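Numbering (full-length UniProt numbering), first residue to last: 1 to 500.
As structure tokens, this is what we get:
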């Protein structure tokens, strides 16, 4: 047989392991809903200040506190989903119900009455968004876990994640227009009216599109091995008190959580994601400051225009990146594809030092397509690689924990993002930048702004590559694990059962 990057051609994807394109689209619809809701609740926060007159500090507090609850409920929902047994599967019932709850709660969240006090709006939004995030978790955590089990094939997993990432990116083409929609005078008399109408539309989209993965997809592991089942119908073991049930499941939850984070390959994926994503997030605002105050000498209109051009080029380039990285990963392996995509983004970050030039402002557009490789490649590859880790975990523990792995991974992303945004503010202050100075920023402040804008994501991305260098699951290893699992399932008579 011929060779392909050191792996024999016997690893070509069997037809039985391929996910039909229509089903990939159905799974990708979940990504569109997931990203739209996440972008909308952040992008519409400004209406609390512009429309309801809330103090920006209270707005920040009301939006941050529910994230604490969200971070706690994600792993819990992952555990519940992994241990559910129903005729419809482990994931689909929650996806269906969660999509409906998310859409309804999001719409209600923005139906605040006018003429109330600032503290009324604070508590309304705080309690309402906490409830919304609960519905959002019920939808998102099982949806993520479902993607890990749709195919057992090493390369088909990458193709699946490429499609879902591509469709999910469409949300970020639409979401930048939310503020314009809410404040467009010919449509709405006030921003509050615009927010209410937009929330109703987003809620409807979340419900109609969000239930599609539950309707059109089927689970492979309806009867997956677990330590102790939690029956969705509510039946329990004979002669067990409620306290016994709570105690047993609490013990299982913490045991599963501990086992998951002990996985060395999984920790490497979490650390690499934390570094690449949050290195970018930490200095996400620096690029605009550099373009406005260094390239255009404080001209906010011109600087914002070019920053917008660069952002649009980056967003459009991400679609091409997803295609390329997906194809590349099936040729040279996921680890090497990560080296490539992250390495190209590092080149883009480095080019900013030379291309952000006051004498040639058009050069600010050149690094954008290269930087798009960072996040575009990251979220195409990570989901596929975590699915491989789940198989290794099953081989070692005799349990399947897609929900727990997915929830902890995204918990790391959320907590890291909050920390990165906070650290970014401190770093901005440390540069000496003072918005009150306008175009009269000191040369040292501008130098440190530029240096941070380049070095922070460059260094974190480089460390991420070093981290993934020790990731042990190659294509050959993944196929060995699969063969061992299938042999064990056959011997035990527990081959995957597809949900109805």
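Built from N, CA and C at the ideal position, the CB exists for glycine as well.
Since this is a predicted model, take the numbers as computed values, not measurements.
Neighbour-count burial assignment, residue i, 16 or more Cβ in a 10 Å radius
i	result
residue 398	exposed
residue 435	exposed
residue 506	Only positions 1 to 500 of the chain appear in this structure, which leaves residue 506 out of reach.
residue 155	buried
residue 347	exposed
residue 113	exposed
residue 15	exposed
residue 84	buried
residue 111	exposed
residue 444	exposed
residue 182	buried
residue 19	buried
residue 118	exposed
residue 93	buried
residue 286	buried
residue 386	buried
residue 491	exposed
residue 24	buried
residue 68	exposed
residue 89	buried
Cα-Cα separation, residue i to residue j
i	j	result
residue 99	residue 49	28 Å
residue 396	residue 116	57 Å
residue 106	residue 376	28 Å
residue 390	residue 71	21 Å
residue 451	residue 314	21 Å
residue 260	residue 405	6 Å
residue 466	residue 153	26 Å
residue 151	residue 247	34 Å
residue 416	residue 282	10 Å
residue 448	residue 292	15 Å
residue 12	residue 276	31 Å
residue 510	residue 163	Within the shown structure, residues of the chain are numbered from 1 to 500, placing residue 510 beyond reach of any answer.
residue 178	residue 185	14 Å
residue 349	residue 143	33 Å
residue 42	residue 63	8 Å
residue 279	residue 374	10 Å
residue 440	residue 298	8 Å
residue 52	residue 121	8 Å
Where residue i falls: helix, strand or coil (DSSP)
i	result
residue 84	strand
residue 196	helix
residue 490	helix
residue 414	helix
residue 469	coil
residue 393	helix
residue 185	coil
residue 479	helix
residue 211	coil
residue 426	helix
residue 48	helix
residue 444	helix
residue 150	coil
residue 358	coil
residue 434	coil
residue 190	coil
residue 385	helix
residue 13	coil
residue 54	coil
residue 451	helix
residue 296	coil
residue 302	helix
residue 89	coil
Endpoints, the alpha helix (DSSP H) within which residue i is located
i	result
residue 27	21-43
residue 334	334-355
residue 276	264-282
residue 93	92-109
residue 474	Here residue 474 belongs to no alpha helix (DSSP H), and DSSP marks it neither H nor E.
residue 112	Premise fails: residue 112 is in no alpha helix (DSSP H) and is neither H nor E.
residue 162	154-169
residue 288	286-290
Interface flag, residue i vs chain C, CB-CB below 9 Å
i	result
residue 73	Note that chain C does not occur in the displayed structure, where there is just one protein chain.
Checklist entry - Using 8 Å as the Cβ pair cut-off and three pairs as the minimum, do the region 160-180 and the region 406-415 touch? => result no
Checklist entry - Quick check: the region 365-374 against the region 55-71, are there 3 or more CB pairs under 8 Å? => result no
Next on the checklist: Could you check whether the region 314-321 touches the region 457-471, counting it as contact only if at least three pairs of C-beta atoms, one from each stretch, sit closer than 8 Å?
Outcome noted: no
Item to check | Stretch pair the region 336-346 + the region 116-132: three plus CB contacts closer than 8 Å | outcome: no
Checklist entry - Pairing CB atoms from the region 25-37 with CB atoms from the region 161-170, are three or more of them under 8 Å? => result yes
Checklist entry - Are the region 265-285 and the region 467-475 in contact at 8 Å, needing three or more beta carbon pairs? => result yes
Checklist entry - Counting pairs of beta carbons, one from the region 357-366 and one from the region 205-216, are three or more of them closer than 8 Å? => result no
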